[in-house]
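In the numbering used here, the protein residues as written are 175 to 664.
C-beta: ideal position from N, C-alpha, C; glycine also.
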Amino acid sequence: RRAQASALRETRFRELWDDEGYRLGESKGRFLVQRGAAEAGAPVPDELPYYLLLIGPPTEIPFDFQYELDVAYAVGRLDLPSSDAYAAYAQRVVAAERGEIGRAPGAGFWGPATQGDLATQLSSRFLLPPLADALTGHPVARLVGDAGSKAALRRLMGPEGPALLMTASHGAYVPRAADPAKHEAWAGALVTGDWVGQGPVGPDALLTAEDIAADDDLAGLVSVHFACFGAGTPRHDGFGLYRGKRVQRGQRDGVPQLPPELAAQPFSAPLIRKMLGHPRGSLAAIGHVDVSFASAFLRPGEQASHAGQLEPYRSLLAALMAGERVGRAMDWMHEKAADLAHGLAGQIHQVNENLASLDDPLRHTLADQWLKTLDARSYVVHGDPAVRLAHRDPARGPRESTPLTLVSPPPARDTPTDEIPTDVEFGFFDGGVGGKLKALGERVAGWLGQQLDDLGNLEVKTWSSPAEGLDPDAPRRLRAMTRIGLYGDA
């Protein structure tokens, strides 16, 4: 990478370590300014390179920082278990850039359609097939519906599989209280078509990190995973607000509300870490942190995939197939998140300026916009953002392996289409699939109203205490409270 970037200009390659590296708690704006770049706006590569690779777990470099940096820059993350794994990954990237490793041209699409499970019924009908159809002129393997078994996924990931793989299924989540060992080991594991749709999911129906064997060969693979926790698990459930699971954590004055804890600390998906850290592992994996929703590709009441909803995914895959680097191809996803956030800010501004009343239709719009914004921003890249698809050089001859058999998708199972819900979650939670969001608009509106009120007013409280010095446990008495409005009213 140094040689590639420095060939353009010496300033195009930088390493930020120790004091120059990210400091925990540092905002995106401060990080950029402290490294000589603008706080916001389009990147200037001579100030800070466009492709940025974060090294370390989300406990050291938070997911939120990655989301924010991703808006303008091409960002990836490497969170591997050892220095040997990092070295092997670097060697693999260099080999791919030199054309020394590669996979069969084309793309593979995999996803089950489990009977009685609405989420996979929707993705196997309205997400994967239209995206596969859009890749005209390219070899495409479709292992969808009844063909979405664990064995089929393993074959797509194997050495004779295509250079690009997209999966759509449930991502597993096991609460710490239920099983501390599986809580992290199975987080984001892909639920395959071997699950019959009833009862708990066992290891035979999951693709976990443990399934990536020492002799597996994933070299050159770039994968995209549509699944809850497919890229990582945050500490707090970012969507707990919508499910009415908000809990209180007390303070002396006021009790701010926080989502429930999903984990003791955030962590990257073990499956993706294993795929990238393997001696013959993947080049990059794109996935979702936290819960993902069908609203990403469907609109309420639609009886078919909506072109506009699918466009970010279609453009991402098309860009990758055209040879674009992964981080640059992700711009299509980030533009969607930025556009949604801009629209949400406009709606909030109208409410704050009393240009719009917080009636039921607006409550629903705000809730829907909020959910979609959080959902869209949570797609991240694991791996070097400057890698691209590595295709095998025909002159090197085929690998010694059983050839991949392309399986046509079976007819889609019937899915009721009178009113297709888009709040379906793609997570498998403690033996059951997450249900519909309840009272979504009311919760968001109530929470949003409080935030707008807090933003528009400043409260100053004056306390007195007989104790000397600063003793937070000393008795005290509220003497005065001043409330100052945004426009000066007190």
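- Counted as a single uninterrupted DSSP element, the stretch harbouring M331 is not any beta strand (DSSP E) but the alpha helix (DSSP H) occupying residues K324 to M331.
- The segment 264 to 275 and the segment 224 to 236 do not touch, with fewer than three beta-carbon pairs separated by less than 8 Å.
- In the three-state DSSP reduction, S469 falls in the helix class (H, G or I).
- In the three-state reduction of the DSSP assignment, T185 falls in the helix class.
- If you draw a straight line from the Cα of H508 to the Cα of R499, it comes to about 15 Å.
- In this structure, M340 sits near A281, with a CB-CB distance shorter than 8 Å.
- Ranked by Cα distance from R299, the options W284, G311 and V348 are led by W284.
- Of the candidates L327, Q521 and V207, Q521 places its Cα closest to the Cα of H538.
- Boundaries of the alpha helix (DSSP H) harbouring S180: R176 to S180, taken from the DSSP string.
- Scanning G497, F205 and D558 for the CA closest to the CA of A337 turns up G497.
- When the Cα atoms are used, C402 and A437 turn out to be separated by approximately 14 Å.
- When beta bridges are read from the DSSP output, I460 appears opposite V398 and V555.
- Under the 8 Å Cβ criterion, the segment 555 to 566 counts as touching the segment 452 to 461, having at least three qualifying pairs.
- Between the segment 217 to 226 and the segment 442 to 451 there are fewer than three inter-stretch CB-CB distances shorter than 8 Å, so the stretches are not counted as touching.
- With respect to the 8 Å criterion, A493 and A503 are classified as neighbours on the basis of their beta carbons.
- DSSP places T407 in the strand class (E or B) of the three-state scheme.
- For a cut-off of 8 Å, the C-beta gap from A346 to V375 is around 7 Å, short enough to register as a contact.
- DSSP places P354 in the helix class (H, G or I) of the three-state scheme.
- Counting only the Cα atoms, Q372 lies some 44 Å from Y225.
- In the three-state scheme derived from DSSP, where H, G and I count as helix and E and B as strand, F441 is classed as strand.
- Within the same chain, T294, Q295, S298, G319 and R587 come within 6 Å of A287 by CB-CB distance, once the 5 residues on both sides are set aside.
- Here the C-alpha atom of L305 lies approximately 19 Å from the C-alpha atom of A278.
- When DSSP states are grouped into helix, strand and coil, T539 belongs to the helix group.
- The beta-carbon distance between G451 and T407, rounded to whole angstroms, is 18 Å. This is too long to meet the 8 Å contact definition.
- Non-local C-beta neighbours of F205 in its own chain, meaning closer than 7 Å and more than five positions away in sequence, comprise Y196, ordered along the chain.
- For a cut-off of 8 Å, the C-beta gap from R188 to P223 is around 6 Å, short enough to register as a contact.
- Counting the other Cβ atoms within 10 Å of the Cβ of P333 gives 16 or more, which makes it buried.
- Listed in chain order, the non-local C-beta contacts of Q543 below 7 Å within the same chain comprise L514, G517, L518 and Q521, local neighbours out to five positions each way being set aside.
- E435 is bridged by DSSP to H410.
- No Cβ-Cβ contact shorter than 8 Å links F413 with A342.
- Distance from the CA of R329 to the CA of D558, rounded to the nearest whole angstrom, comes to 24 Å.
- Going by DSSP, P217 is part of no beta strand (DSSP E) at all; its letter is neither H nor E.
- Short of 6 Å from the beta carbon of D244, and not among the five residues preceding or following it, lie these beta carbons of its own chain, in chain order: H508.
- Taking C-beta atoms under 8 Å as the contact rule, K324 and T382 fail to qualify, at a distance of about 10 Å.
- Between V463 and A393, the C-beta spacing is not below 8 Å.
- Looking at the DSSP output, P486 bridges to nothing.
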